[in-house]
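Take a look at the structure below.
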Amino acid sequence: DAKTTQPPSMDCAEGRAANLPCNHSTISGNEYVYWYRQIHSQGPQYIIHGLKNNETNEMASLIITEDRKSSTLILPHATLRDTAVYYCIVRAQFSGNTGKLIFGQGTTLQVKP
Amino acid sequence: EPEVTQTPSHQVTQMGQEVILRCVPISNHLYFYWYRQILGQKVEFLVSFYNNEISEKSEIFDDQFSVERPDGSNFTLKIRSTKLEDSAMYFCASSEEREDTQYFGPGTRLTVL
Numbered sequence: 001d002a003k004t005t006q007p008p009s010m011d012c013a014e015g016r017a018a019n020l021p022c023n024h025s026t027i028s029g030n031e032y033v034y035w036y037r038q039i040h041s042q043g044p045q046y047i048i049h050g051l052k053n054n055e056t057n058e059m060a061s062l063i064i065t066e067d068r069k070s071s072t073l074i075l076p077h078a079t080l081r082d083t084a085v086y087y088c089i090v091r092a093q094f095s096g097n098t099g100k101l102i103f104g105q106g107t108t109l110q111v112k113p
Numbered sequence: 001e002p003e004v005t006q007t008p009s010h011q012v013t014q015m016g017q018e019v020i021l022r023c024v025p026i027s028n029h030l031y032f033y034w035y036r037q038i039l040g041q042k043v044e045f046l047v048s049f050y051n052n053e054i055s056e057k058s059e060i061f062d063d064q065f066s067v068e069r070p071d072g073s074n075f076t077l078k079i080r081s082t083k084l085e086d087s088a089m090y091f092c093a094s095s096e097e098r099e100d101t102q103y104f105g106p107g108t109r110l111t112v113l
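Protein chains in written order, with the working numbering: chain A, 1 to 113; chain B, 1 to 113.
Dropping the structure here:
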């Protein structure tokens, strides 16, 4: 089972920031937080990942709380094309991990004009 | 930018027939994965593959499934005798190292009649 909890759906106005929360209260010290999104039935698209520091790339920012039990994905200026299902996934690095990703139900983000 | 490709985009087959789904991972990647997504459900891990061997497989990946890297570029998923419940989107993914980010292909929609 997925080790994360996300709200099933959220709305956001076009041009505004979309803040998608994720709870991962049982995260271990060697587990990263990954975010992917899936637009319609396309393949999951990698967005960003982090361990404990906040991260930013051209797509989004990832804010991880100091205790690492939750995180927020921020899309700074949401567009209609950002409408998708967003998945927050915790994933162990090293130590016998075969690399598989365990997807939950994700958050369906609807960006509205 | 390098990307994972998959063919065909849509495959329709009769129950009991064999199908082969093809993937071309990103060229310098060493770890390969198959996932599937039944309509309306979560993305599920099927199998991981490294160094010409299966690293891990899920309960879904029974004897009807097999994977192969027949040459230096292709990675295939074979379903020997398809069932109605095999109808799903099948996604291939690859990563450079086990702990690295996985990049997904666009998927193959398999319809079993």
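Every residue gets a Cβ at the ideal spot worked out from N, C-alpha and C, and that includes glycine. Keep in mind that this is a model prediction, so the values were computed, not measured.
*asked:* On a Cα-Cα basis, can you pick out the residue from B/Glu68, B/Phe49 and B/Phe45 that is closest to glutamate 59 of chain B?
replied: As a first step, residue 59 of chain B is located in the second sequence; it is residue number 59 there, counting from the start. Per the Cα distances, B/Phe45.
*Distance, Cα to Cα, threonine 108 of chain A vs tyrosine 86 of chain A?*
Along the first sequence, one-based indexing puts residue 108 of chain A at 108. Along the first sequence, one-based indexing puts residue 86 of chain A at 86. Straight-line Cα distance between these residues: approximately 6 Å.
_Whole-Å CB distance - glutamate 3 of chain B paired with serine 81 of chain B, under 8 Å assumed_ = Sequence index remark: in the second sequence, residue 3 of chain B carries index 3 (1-based). Sequence index remark: in the second sequence, residue 81 of chain B carries index 81 (1-based). Wrong, their Cβ atoms sit about 32 Å apart, outside the cutoff.
*asked:* Once the 5 residues before and after asparagine 57 of chain A are set aside, which same chain residues still bring their CB inside 6 Å of it?
replied: For the purposes of this step, residue 57 of chain A is identified with residue 57 of the first sequence, where counting begins at 1. Closer than 6 Å at Cβ, skipping near neighbours: Ile48.
*Run through DSSP, which three-state label would arginine 68 of chain A get?*
Position 68 of the first sequence, counted from the start, is the residue given in the question as residue 68 of chain A. Three-state result, arginine 68 of chain A: coil.
*asked:* Please report whether the beta-carbon of isoleucine 74 of chain A lies at a distance below 9 Å from any beta-carbon of chain B.
replied: Here the question's residue 74 of chain A lines up with position 74 in the first sequence. Isoleucine 74 of chain A does not count as touching chain B.
*Residues bridged to isoleucine 48 of chain A by DSSP?*
Position 48 of the first sequence, counted from the start, is the residue given in the question as residue 48 of chain A. Looking at the DSSP assignment, isoleucine 48 of chain A forms a beta bridge with A/Trp35.
*Cβ of valine 43 of chain B within 9 Å of Cβ of phenylalanine 75 of chain B?*
The residue you call residue 43 of chain B lines up with position 43 of the second sequence. The residue you call residue 75 of chain B lines up with position 75 of the second sequence. Contact flag unset, no.
*asked:* Are the CB atoms of glutamate 31 of chain A and lysine 112 of chain A within a distance shorter than 9 Å?
replied: Stepping through the first sequence from its first residue, residue 112 of chain A is reached at position 112. Stepping through the first sequence from its first residue, residue 31 of chain A is reached at position 31. Their beta carbons are not under 9 Å apart, which means lysine 112 of chain A does not touch glutamate 31 of chain A by this criterion.
*Selection from A/Pro8, A/Ser9, A/Tyr36 and A/Lys52 that minimises the alpha carbon distance to phenylalanine 104 of chain B*: Locating residue 104 of chain B in the second sequence gives position 104, counting from the first residue. Comparing Cα positions, the closest option is A/Tyr36.
*List the residues of chain B whose Cβ lies closer than 8 Å to the Cβ of tyrosine 86 of chain A, in chain order.*
As a working mapping, residue 86 of chain A is identified with position 86 in the first sequence. Under the 8 Å cutoff, chain B gives no residues; its nearest Cβ is about 13 Å from tyrosine 86 of chain A.
*For proline 106 of chain B, which residues in chain A fall below 8 Å Cβ to Cβ?*
The residue given as residue 106 of chain B occupies position 106 in the second sequence. Going along chain A in sequence order, the residues near proline 106 of chain B (Cβ under 8 Å) are Gln42 and Gly43.
*asked:* Counting only beta-carbon separations shorter than 9 Å, does histidine 49 of chain A have a partner in chain B?
replied: Position 49 of the first sequence holds residue 49 of chain A. Yes, histidine 49 of chain A lies at the interface with chain B (some Cβ there is under 9 Å from its Cβ).
_Looking at chain B, is there any beta carbon in it that lies within less than 9 Å of the beta carbon of leucine 101 of chain A?_
Locating residue 101 of chain A in the first sequence gives position 101, counting from the first residue. Closer than 9 Å: yes.
_Going residue by residue through the stretch 22–81 of chain B, where are the continuous beta strand (DSSP E) segments of at least 3 residues, counting only ones entirely within it?_
31–37, 43–50, 53–57, 65–68 and 75–79
*asked:* Under 8 Å: does the beta carbon of lysine 42 of chain B sit that close to some heavy atom of the ligand GDP?
replied: In terms of ligand content, the structure shown is empty, and the ligand GDP therefore cannot be addressed.
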